[in-house]
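Asker: Okay, here's the structure, questions in a sec.
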Amino acid sequence: MSSMSSRFTDESRLGISGKVIAQCAAEGRAALIAYLPVGYPTVDQSLEAFRALSDGVGVDLVEIGIPYSDPVLDGLVIQHATTKALRRGVRTRDAFRAAQAVAESGCTPLVMTYWNLIEQYGPDEFARDFRAAGGAGVITPDLTPDEAEVWTAATDKHGLDRIFLVAPSSTDDRIASTMAACRGWVYATSVMGVTGTRTTTSSAAPIIADRAKAADHLLPVGIGLGVSNGDQAAEVATYADAVIVGSALLRCLDSDGADMPGDLEKLRALVDELAEGVRRGQA
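Just so we're aligned: 90 in numbering that gives the first Met the number 0 is position 91 of the sequence shown, and the numbers increase by one with no gaps anywhere.
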């Protein structure tokens, strides 16, 4: 077992998704987490894309994004896709279909969603239905732990992981309290601002990863925002427990469904490159 995996000794805090990351660490590598929104190009085509993420070597965890009318934290690539998905009638319940598709393909599904959508659906009902569909955990980028009493109760009741976010601007006390409220892992944003691919990874990424590990070394740390190729994935894998990729994968679906077979081939090729990268990063 690698020295990284020896950190993860509290299984009750790892939950479902954290155990997947710990298993990757035991293999001597970082986990690869993929994000795609449900409903783009269409709901059925997005289910094809979610299944394709598990082809070949595949990813370890899948973030299912739920389109929202006010995506203030999303970059332009994701905003454009989710706006189209909303116009085409995507609904919150479609995320449960996506979770079932991901789980049936042998991968572990997560949801990333703005809190308002959970609140409208009903926190207890959302946690219940997502878990019943095979979901493992929920990332809530705009919900802070000190405002999450209802959500904490719902996720505890239904056995879902809670993944909150920390950022370079977070104080040490805030990082510690946020990680204490998480179950599964913590999502560390490596840059200030919205999501999206970048030509280089952020210089703040290793700093926020180290600060998070210093605050709570028992919880895995995932780094997101900006990774777009295998070399960047390899770089981030040298200091993060999980590498998160979103906009670069979504760009593979740029035909807007007109050439779905070709788009899925591009998607699989990029996943292969990223999977090789996370393994190279820990070699």
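Backbone N, C-alpha and C define an ideal beta-carbon position, used for all residues, glycine too.
1. Leaving out five residues before and five after Y238 in sequence, what residues of the same chain have Cβ atoms less than 6 Å from its Cβ?
2. Give me the residue from K212, L217, A203 with the minimum Cα distance to L224.
3. Do T154 and A126 have their C-beta atoms within less than 7 Å of each other?
4. Quick check: what's the CA-CA separation for L159 versus E272?
5. Quick check on T177: buried or exposed, where buried means 16 or more other Cβ atoms within 10 Å of its Cβ?
6. Between A268 and chain B, is any beta-carbon pair separated by less than 7 Å?
7. Which whole-angstrom value describes the C-beta separation of A80 and D240, a residue pair presumed to lie in contact below a C-beta threshold of 8 Å?
8. Buried or exposed: where does L35 fall if 16 or more other Cβ atoms within 10 Å of its Cβ makes it buried?
9. How would you call A247, buried or exposed, if buried means at least 16 neighbouring beta carbons within 10 angstroms?
10. Is it the case that the stretch 146-153 contacts the stretch 96-107, given that we only count it when at least three CB pairs across the two stretches are under 8 Å?
11. So, with DSSP's three-state summary, where would you put G88?
12. Name the DSSP bridge partner or partners of M111?
13. Roughly how many angstroms lie between the CA atoms of V89 and G14, to the nearest whole one?
14. Compute the Euclidean distance between the alpha carbons of V185 and S16, then round it to the nearest angstrom.
15. What are the start and end residues of each continuous beta strand (DSSP E) run of 3 or more residues lying completely inside the stretch 6-40, in chain order?
16. Helix or strand or just coil, what does DSSP make of Y186?
17. Using only the alpha-carbon positions, how far apart do S45 and R182 sit?
18. Can you list, in chain order, the residues of its chain with a C-beta nearer than 8 Å to that of E10? Leave out the 5 residues immediately preceding and following it.
Answerer: Checking against the coordinates, here is how it stands:
1. Working through the sequence shown from its first residue, we reach residue 238 at position 239. These residues qualify, in order along the chain: P205, A208.
2. Counting from 1 along the sequence shown, the entry for residue 224 is found at position 225. L224 has its Cα closest to that of A203, out of K212, L217, A203.
3. Taking the first residue of the sequence shown as 1, we reach residue 154 at position 155. Taking the first residue of the sequence shown as 1, we reach residue 126 at position 127. Contact flag set, yes.
4. Numbered from 1 along the sequence shown, position 160 holds the residue referred to as residue 159. Numbered from 1 along the sequence shown, position 273 holds the residue referred to as residue 272. Near 30 Å, if we compare the C-alpha coordinates of E272 and L159.
5. For the purposes of this step, residue 177 is taken as residue 178 along the sequence shown, with counting starting at 1. Label assigned to T177: buried.
6. The chain labelled as chain B is not found in the depicted structure, where only one protein chain is given.
7. Within the sequence shown, numbered from 1, the residue matching residue 80 stands at position 81. Within the sequence shown, numbered from 1, the residue matching residue 240 stands at position 241. Rounded, the Cβ-Cβ distance is 28 Å, inconsistent with contact.
8. Taking the sequence shown and counting its residues from 1, one reaches residue 35 at position 36. Buried.
9. Along the sequence shown, one-based indexing puts residue 247 at 248. Under this definition A247 is a buried residue.
10. no
11. Looking up residue 88 in the sequence shown gives position 89. In this structure, G88 counts as coil in the three-state DSSP scheme.
12. The residue labelled residue 111 in the question sits at position 112 within the sequence shown. Bridge partners of M111: G64, I138.
13. The residue labelled residue 89 in the question sits at position 90 within the sequence shown. The residue labelled residue 14 in the question sits at position 15 within the sequence shown. Those two C-alpha atoms are separated by around 29 Å.
14. For this step, residue 185 is matched to residue 186 along the sequence shown. For this step, residue 16 is matched to residue 17 along the sequence shown. Looking at the two C-alpha atoms, the distance is approximately 11 Å.
15. 30-36
16. In the sequence shown, residue 186 corresponds to position 187, counting from 1. Residue state, collapsed to three classes: strand.
17. Reading the sequence shown from its first residue, position 46 is the one you call residue 45. Reading the sequence shown from its first residue, position 183 is the one you call residue 182. Near 28 Å, if we compare the C-alpha coordinates of R182 and S45.
18. In the sequence shown, the residue the question calls residue 10 occupies position 11. Once the five neighbours on either side are set aside, the close Cβ partners of E10 are K18.
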